[in-house]
Each structure stands twice: as C-alpha cells, then as structure tokens.
Amino acid sequence: MIISASTDYRAAAQRKLPPFLFHYIDGGAYAEHTLRHNVSDLAQIALRQRVLRNMSELSLETQLFGQTLSMPVALAPIGLCGMFARRGEVQAAKAADAKGIPFTLSTVSVCPIEEVAPTITRPMWFQLYVLKDRGFMKNALERAKAAGVTTLIFTVDMPVPGARYRDAHSGMSGPNGPLRRMLQAFTHPAWAWDVGLHGRPHDLGNISTYRGNPTGLADYIGWLGSNFDPSISWKDLEWIREFWEGPMVIKGILDAEDAKDAVTFGADGIVVSNHGGRQLDGVLSSARALPAIADAVKGDLAILADSGIRSGLDIVRMIALGADSVLLGRAFIYALAAAGGAGVSNLLDLIEKEMRVAMVLTGAKSIKEITGEALVR
Numbered sequence: 000m001i002i003s004a005s006t007d008y009r010a011a012a013q014r015k016l017p018p019f020l021f022h023y024i025d026g027g028a029y030a031e032h033t034l035r036h037n038v039s040d041l042a043q044i045a046l047r048q049r050v051l052r053n054m055s056e057l058s059l060e061t062q063l064f065g066q067t068l069s070m071p072v073a074l075a076p077i078g079l080c081g082m083f084a085r086r087g088e089v090q091a092a093k094a095a096d097a098k099g100i101p102f103t104l105s106t107v108s109v110c111p112i113e114e115v116a117p118t119i120t121r122p123m124w125f126q127l128y129v130l131k132d133r134g135f136m137k138n139a140l141e142r143a144k145a146a147g148v149t150t151l152i153f154t155v156d157m158p159v160p161g162a163r164y165r166d167a168h169s170g171m172s173g174p175n176g177p178l179r180r181m182l183q184a185f186t187h188p189a190w191a192w193d194v195g196l197h198g199r200p201h202d203l204g205n206i207s208t209y210r211g212n213p214t215g216l217a218d219y220i221g222w223l224g225s226n227f228d229p230s231i232s233w234k235d236l237e238w239i240r241e242f243w244e245g246p247m248v249i250k251g252i253l254d255a256e257d258a259k260d261a262v263t264f265g266a267d268g269i270v271v272s273n274h275g276g277r278q279l280d281g282v283l284s285s286a287r288a289l290p291a292i293a294d295a296v297k298g299d300l301a302i303l304a305d306s307g308i309r310s311g312l313d314i315v316r317m318i319a320l321g322a323d324s325v326l327l328g329r330a331f332i333y334a335l336a337a338a339g340g341a342g343v344s345n346l347l348d349l350i351e352k353e354m355r356v357a358m359v360l361t362g363a364k365s366i367k368e369i370t371g372e373a374l375v376r
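Everything in the sequence shown is counted per numbering that gives the first Met the number 0, starting at 0 for the first residue and increasing by one.
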C-alpha cells in the first residue's frame with residue numbers, strides 16, 4: 000500500500016459513503032490495470048536528493064492561463080461531486096478558492112454553474128464533453144461565460160463510456176439499481192443525513208437547467224450513453240474554439256502525435272490523462288506517457304497532467320517529468336467525502352507541505368527549477 004494523506008481519506012470515505020458512490024469514484028475500467036499503474040508507476044520514480052543548497056527562500060507560486068496560482072494545482076472536474084458531500088461542488092470550490100488555486104466544475108455536476116460561481120472570488124474553470132446535443136453544449140458555454148468562467152477544459156477521451164464493471168456490482172448501474180442504492184443509503188446514516196436528506200436536489204444541475212426539468216441519478220447513465228459522440232474529430236472542436244474566447248485546454252492526451260495536433264488546432268493547453276484509468280484499460284499511465292509528450296510540445300502550450308496523483312511528492316514528480324501543473328482528482332474527492340470542505344482544505348495544506356519538503360531536498364527554489372535534473376535517470 001502507498002501511504003499518503005489521501006490514503007487515510009480514502010479509508011474514511013469508504014466507511015462513510017454508500018458502496019455505489021465509493022466504487023463509482025474509486026473504480027476504473029475493465030480489470031483496472033491502468034488504474035493501479037497510474038499510482039505505482041508514479042511512486043517508483045526516484046528523485047535526486049540534493050543538500051546544502053540554501054533553500055531559505057522557496058516559492059510554489061506559478062502562472063497559468065493568466066492567473067497566479069499559490070501552487071501548481073487545480074481541482075479536477077469530478078462528475079456527481081455533489082453526491083459525495085452536501086452541495087459538494089460548492090464546498091470544494093470554496094476550499095480551492097481559499098487556497099488560491101482553481102476549481103473545475105464538471106459538465107455532470109450536481110450543483111449548476113450558477114450555484115457554484117458566485118461562492119468564490121477567483122474565476123472558476125469549466126469542463127465540457129463533445130456531445131450529440133450541440134444545443135446543450137452551446138447553452139453550457141454561454142452560461143459559463145455569463146458566470147465569469149475563464150478557462151474551458153475540453154474532455155476528449157470519452158467518446159463512449161468506459162466498461163466500468165464495479166458500477167454494475169455496486170448498484171450504481173445494473174438491475175434493481177435504485178432499490179440497491181436506497182438500501183445502501185439506509186445503512187450509511189451519516190451520508191444519508193448530510194447528503195441524502197439535506198443535500199438535495201440530487202440531479203445533474205447543468206443538464207436540468209438546460210432541459211427545464213430534473214435529470215436525476217436514475218437518468219444519469221442513460222443520458223451519458225445516448226449523448227456521447229463516437230464521431231468526434233478535431234473539426235468538431237473548431238466552432239467551440241471560435242466561440243470560446245478564453246483559454247481552451249484539451250483533456251485526455253496520451254500520445255505525442257495527438258499533443259502535436261492540439262498545438263496545430265490552437266489549444267492553449269493539454270491535460271496528459273487516461274481519465275484516471277476509467278476509460279481504456281491497458282494504456283500507459285500518465286507518468287509514463289508524459290515525458291514523450293513534453294519532449295514533443297513543451298513550450299508550445301501549457302502541459303497539465305492528472306491520474307495517479309496522491310501527494311505533493313507526486314506533483315513534484317509530474318513537474319519534473321515535464322508538466323507545468325496538475326489536476327487533482329481522486330485525492331480531493333476522498334477528502335471531500337470524508338470531511339467536506341474542511342477535509343479538502345486540510346488535504347491541500349498537507350500537499351503544500353509535502354511539496355515544500357520535496358523541493359527543499361531536491362534543491363528547487365521555484366516551480367520552474369523543478370526539471371528533469373531532479374530525477375535519478
């Protein structure tokens with residue numbers, strides 16, 4: 000077992016959450032090989048310790064898409080985040096805002112754009128899929144603009160939903176799903192009181208706002224399956240690039256040639272990601288895919304990375320491998336489920352401390368000084 004603060008929060012989240020929600024966020028696709036390799040490959044990357052370097056002045060600040068971040072981290076878009084804590088997107092956004100880093104709202108969030116954006120002081124990021132319902136996409140982009148969203152994260156590695164067998168076993172999907180979820184809620188009273196009773200409405204807020212009627216959890220899987228678009232290609236993003244005036248980041252890049260295509264397209268950034276191991280099992284971990292991508296496009300656009308990051312040490316590793324910043328996903332959702340916004344704040348504080356220790360002991364006084372020289376080749 001890899002020990003980290005998120006490991007403790009994961010255990011606490013498993014105790015508190017009904018199984019259908021815990022396994023939804025904890026699980027991956029197929030046999031979950033990539034899910035495991037995301038964590039283990041990153042943990043095996045050796046850092047080069049340096050000493051006596053006068054590390055009295057240290058800064059974790061970085062510039063990204065015209066914003067100053069207190070550290071090179073943003074909270075990743077997590078679907079159904081509001082089911083893990085009462086109005087979970089709002090709690091997580093406030094924690095990120097207080098820390099001086101961005102929060103990214105998912106297309107399939109529980110809390111809609113209009114509920115989350117007014118609760119924070121810094122601009123929110125918004126994540127969008129290519130969907131068959133282009134009317135929804137246009138509506139979501141217009142509402143994001145009106146709410147002051149500055150950065151669009153465009154997820155491209157989900158033209159079809161992944162084969163996530165844990166969801167069928169847990170009751171998230173499959174036969175008698177609603178009944179199984181209700182029974183699980185009764186046996187997890189802390190969650191039932193906090194979220195089940197007081198966290199309503201339990202619907203996909205952004206989609207419900209567009210449709211004019213509630214789109215609940217029972218409709219979630221069906222709506223996704225019918226709206227994801229396997230015909231997606233770069234040309235389908237062109238109208239969005241013309242419509243969206245702010246930074247546009249392509250999420251789901253694992254191949255250097257695709258990264259080069261993103262540069263040609265005119266993207267402002269990419270996220271090196273395998274969707275946390277939730278889409279195609281057997282692909283490279285993000286840590287293994289990142290160096291070749293950085294070699295191909297470093298300096299042409301911003302490079303972010305996610306999947307497998309559980310600690311501040313992992314963030315230093317990803318940056319040394321070529322990332323400019325990271326998206327934090329499961330680590331923060333475990334903390335949110337266990338202890339709400341206070342858990343997310345605590346996790347971010349611990350991650351900052353871990354980064355500072357790692358930077359001091361690798362001789363990097365700033366984020367720009369975290370390079371391949373920090374790694375044992």
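All residues carry an ideal CB built from backbone N, CA and C; glycine is no exception. All of these numbers come straight from a predicted model, not from anything done at the bench.
- Secondary structure in the stretch 70-100: the beta strand (DSSP E) runs of 3 residues or longer, each lying completely within the stretch, are 72-74 in chain order.
- With respect to the 8 Å criterion, Leu335 and Gln90 are classified as neighbours on the basis of their beta carbons.
- The beta carbon of Pro213 sits closer than 6 Å to the beta carbons of Asp202, Ser207 from its chain, once the five residues preceding and following it are set aside; these are given in chain order.
- For Gly161, the closest of Gly371, Ile318, Thr33, Ser55 by C-alpha to C-alpha distance is Thr33.
- Taking C-beta atoms as the reference points, Thr361 and Gln43 fail to come closer than 8 Å.
- In terms of Cα proximity to Leu104, the closest of Asp96, Gly78, Pro117 is Gly78.
- Taking 8 Å as the cut-off, the Cβ atoms of Ala12 and Ala330 do not count as close.
- If the five residues before and after Ser69 are omitted, its C-beta is found closer than 7 Å to the C-beta atoms of Leu59, Glu60, Lys98, Gly99, Ile100, all from its own chain and listed in chain order.
- Between Val356 and Ile231 a beta carbon distance of about 42 Å is seen, past the 8 Å cut, so the two are scored as non-contacting.
- Of the residues assessed, Gly276 falls on the buried side of the cut-off, its CB having 16 or more other CB atoms within 10 angstroms.
- Per DSSP, the continuous beta strand (DSSP E) segment holding Gly268 begins and ends at 268-271.
- Around the CB of Trp192, fewer than 16 other CB atoms lie within 10 Å, so the residue is classed as exposed.
- For Ala94, the closest C-alpha among the options Leu223, Asp348, Gly340 is that of Gly340.
- Counting only runs of 4 or more residues that sit fully inside the stretch 259-329, the alpha helix (DSSP H) segments are 285-296, 311-320, in chain order.
- Apart from the 5 residues on each side of it in sequence, Glu351 sits with its Cβ closer than 7 Å to the Cβ of Leu59, Met70, Gly311 in its chain, given in chain order.
- The beta carbon of Ser5 sits closer than 6 Å to those of Arg309, Ala330, Tyr333, all from its chain and outside the five residues before and after it, given in chain order.
- Residue environment analysis places Ser55 among the exposed positions, since fewer than 16 neighbouring C-beta atoms fall within 10 angstroms of its C-beta.
- Contact check for Leu253 against Val271 passes: the beta carbons are separated by less than 8 Å.
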